[in-house]
Amino acid sequence: MEKALIALSAALCVAITCLATAWAQSRVGSAGAGAVAEKPEVGGTIIILMAIPETMVILGFVVAIMIILGI
Amino acid sequence: MIQKMSKIQIIGSRRIMEEVIEFLHSMSMLHVDIIPEDMKEDISYHIIPLQKDEIVIKDRAEKIIKKLKDLLLLLYQPSAPQVSRERRFIVTDIVSERILSDYNILEAKLRDLHKRRSELTERLSLLERYERILKGLAPLISKLSGFKNIESTGLIIDKDKSGVIPLMEVEISRITEGGYQIFKRELDEKSIGVILTYQKDYDEGVRGLLSEEGISEIKLPTDYAGLPFFDALKEMVRKKEEIPKEITDIEAELNRLSDEWYWKIEELIDVLKDLIDEFKTLDYCTGTKYCFFIFGWVPKSYLPKLSSAIKERFDDRVVIRELEIMEEEIERVPVSIKNPKLVKPFEIFMRVLPPPRYDSIDPTPFLAIFFPVFFGLILGDMGHGIIILIIVGLLWRKYKERAVVQDLLKVFFLCSIYSIIFGFLFGEFFGELGERFGIHPIVLNRGKAIKGFLILAIGIGVGHVLLGFIISLINSIRWHKGREIIGTLSSIAMLFTLFLLIATLSGYLPKGFLNVGIILTIIFFPIILLSEGIIGAIELIKSIGNILSYARIMALGVASVMMTLVANRLGEMSGNIVLGIIVASIIHALNITIGIFSPAIQSLRLHYVEFFSKFYKPGGRKYAPFKKTREGVRLWRRL
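Protein chains in written order, with the working numbering: chain R, 3 to 73; chain A, 16 to 654.
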């Protein structure tokens, strides 16, 4: 039972942060696509902005690893 | 690295002002600037306005550039640019209409060619819509040739209604008193093409019958509306064969004109731009009755060369004064960045950011050191590294003339080398495939030692973020910014204190360190608040997030390992060696594609967001020297 709870907690850590990142990236992405259409030279900046919300899922992943490894 | 700049003032006789400006233009070193506030207060200076004829020439040059740019749009860009020959450009010529006469003729010719081409293309696409009918009925055209005073009509009848044709024939025979002919031919699986010919006198009766019975005639394009049906068909077939050749002839003529004119026009545009630049620089000149002054910036290393060149050309008639850079104008100092050959390709990644301020630090050398390392750590596979190296080698030859692509390829060359090195250290060659060839992990096995890899990634984060703080500290000391020195020092101390507390609470250090940590917090936290305000405290918390963000190195690294594992396992599961290789190759190819973009983007992000935020101050002005676009062309503008 304890193992199952640990696995569920770790999965939730990744899943919820994944959803949060996906939502943020959808907003950044759609705005970015509009910006690139008007100003193609901002393409590089938009790619970087797209990568910023990934911090959330990375942090979720770290916490999940900590839960699984019992750190 | 940001080059040291010199603030200079060039003083000379009014009589040689234009000559000096032309000389400075060809030297391409001076960043001309408006006169500083402290000098404006000296009332003996005044702006030297452009003369009337100069304004006329400047306006004319601007108009010609606009016209020439429009003309360029009508030409193709030939591959090899012509090398500019050294020559003089007589500036006053541009006022006369003669300079544009050749271009006016060229423009008329080009517009006509483009118009003809678009008309022909349109006609061809219209004819292509009748492809089915033309193809089906073309053999009948030869049979019908030679008839005179006859009318003809084309009809399309569905195959399943083909029974209507004999009935129609009976009716038409009655109307035309037997003076008709009917030709039938299968167009496709569903329809039959019919051409009906009869004497013109019976046209009204026949058309009335077709209309009454609801048999639809083939509608031909309006261009052919006046012609009898089969004449129109004949003409359409002929045109369809002729148009592609006409288009090819027009294209050939456009290519010939482009070869002849494109680079000539480009050169003239550049020369005119240079001319306008010179007039604009004249606008920056100030003077007294006998002297003129130009104010500007030049990299310190260029100053001796500029001074000696001016001395050699004008002797004592022109003097350069180096002025002191005031503290309040630091933000206005143009920033010139010069990096060693190995670091220079990485400047491509700095273009997405605004230039650093003069009192900041150019992070390109740090990017050149850490970017390939992070990339290698994430990809970390010898096989993938070798494939990227091969791709770089193949593209290198193809894009030899494109500087941006060349820079990117140099960066990825380094990245692939680091991927191979880390692949060797992690014992990865297309994942665990290397183990079969005797390649074993030396440092760690990324697929299994997840905890170790995570600690390594966070450790790199700690080092990288601390390096950012240290760079900021050194820069603050260099520019004597006391408040910033205290703030950065306190932040570094607080970070250490936080690590100390975490290590103690996690049981890695004895409990006694807890008191040390608390005392250090009591000392340094208020200092941060006093020196940087509440933002300093928030920044400190942010730094912890920044460090944890480096876990992405491990996350993406493990994801890459798992992808290769999936590729190899699926290949094995196929049970057939050929199919297995194909399946594994496809997944490896996908992994390599992701492996090029993802580590590059994530490494850049770690630099832009986590690392640069500790010391990078954007908002600098880019050093833009007063530079000739067309070197070797002398603007001969004595009026």
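The C-beta atom is built at its ideal place from N, Cα and C for all residues, glycine as well.
Exercise. Taking all protein chains shown into account, do 16 or more other C-beta atoms lie within 10 angstroms of the C-beta of R653(A), making it buried, or fewer, making it exposed?
Worked result: Confidence is the limiting factor: at R653(A) the pLDDT is only 44, short of 50, which leaves the residue's position unreliable, though a coordinate-based value still follows. Burial call: exposed.
For this session: Would you decide whether E143(A) is buried or exposed? Buried here means 16 or more other CB atoms lie within 10 Å of its CB.
Result: exposed
Exercise. Are the C-beta of K466(A) and some C-beta of chain R separated by less than 8 Å?
Worked result: yes
Exercise. Given a limit of 7 Å on CB to CB distance, which residues of the stretch 29 to 55 of chain R reach chain A?
Worked result: G46, T47, I49, I50, A53 and I54
For this session: Assign M32(A) to one of three DSSP states: helix, strand, or coil.
Result: helix
Problem set entry | Own chain residues within Cβ distance below 6 Å of L225(A), not counting five before or after | none
For this session: Taking I352(A) as the reference, give the member of K637(A), F626(A) and T212(A) with the closest Cα.
Result: K637(A)
Problem set entry | Selected residue, minimal CA-CA separation from I190(A), among I207(A), S177(A), Y217(A) and E201(A) | Y217(A)
Exercise. Can K73(A) and F307(A) be called in contact, C-beta distance under 8 Å?
Worked result: no
For this session: Count the CB pairs spanning the stretch 339 to 351 of chain A and the stretch 367 to 385 of chain A that are closer than 8 Å, and state whether there are at least three.
Result: yes
Problem set entry | Own chain, CB closer than 6 Å to G151(A), minus 5 neighbours either side, in chain order | R200, L202 and G208
Exercise. What does V16(R) touch in chain A if you count any residue whose Cβ is under 8 Å from its own?
Worked result: Those do not exist, as V16(R) stays about 10 Å from chain A at its closest Cβ, beyond 8 Å.
Exercise. What are the boundary residues of the beta strand (DSSP E) that includes G169(A)?
Worked result: I165 to D173
For this session: Classify A615(A) as buried or exposed, calling it buried when 16 or more other Cβ atoms lie within 10 Å of its own Cβ.
Result: buried
Exercise. What residue range is occupied by the uninterrupted beta strand (DSSP E) comprising T212(A)?
Worked result: S206 to Q214
For this session: Determine the DSSP secondary structure at G311(A), reduced to helix, strand or coil.
Result: strand
Exercise. Based on the DSSP output, what are the partners of V47(A) in its beta bridges?
Worked result: G311(A)
For this session: Flag L61(R) as yes if its beta-carbon sits less than 8 Å from any beta-carbon of chain A, otherwise no.
Result: yes
Exercise. Does I69(R) have its Cβ less than 8 Å from a Cβ in chain A?
Worked result: no
For this session: Tell whether a beta-carbon distance below 8 Å holds between L382(A) and I36(A).
Result: no
For this session: Can you check the stretch 294 to 350 of chain A for any beta strand (DSSP E) of at least 3 residues that lies completely inside it and give the ranges in chain order?
Result: 306 to 314 and 333 to 338
For this session: Measure the alpha-carbon distance for P378(A) versus L469(A) and round it to whole angstroms.
Result: 26 Å
For this session: For E146(A), name the three-state secondary structure that DSSP assigns.
Result: helix
For this session: Would you tell me roughly how many angstroms separate the C-alpha atoms of E250(A) and I403(A), rounded to the nearest one?
Result: 57 Å
Exercise. Residues in its own chain within less than 7 Å of L571(A) by CB, not counting five upstream and five downstream?
Worked result: I393, S613, P614 and Q617
Exercise. Listing by chain order, which chain R residues have their CB less than 8 Å from the CB of S116(A)?
Worked result: Neighbours of S116(A) on chain R: none; closest Cβ ~37 Å, over 8 Å.
For this session: Quick one: grab the DSSP three-state call for I197(A).
Result: strand
Exercise. What three-state label does DSSP hand A640(A) in the structure shown?
Worked result: Correcting the residue type first, residue 640(A) is Pro in the shown sequence and not Ala. DSSP places P640(A) in coil when its eight states are reduced to three.
Problem set entry | Residues from the stretch 614 to 626 of chain A in contact with chain R, defined by Cβ distance under 7 Å | I616, Q617, L619, R620, Y623 and V624
Exercise. Helix, strand or coil: how does DSSP classify I62(A) here?
Worked result: strand
Exercise. Closest to I384(A) by CA distance: which of K463(A), V358(A) and E416(A) is it?
Worked result: V358(A)
Exercise. Going by alpha carbons, who is nearest to R461(A) out of V573(A), E343(A), M16(A) and G497(A)?
Worked result: V573(A)
For this session: Could you check if L10(R) is buried or exposed, using at least 16 other CB atoms within 10 Å of its CB as the buried criterion?
Result: exposed
For this session: Going by CA-CA distance only, name the one from P314(A), I550(A), K67(A) and I165(A) that's closest to S21(A).
Result: P314(A)
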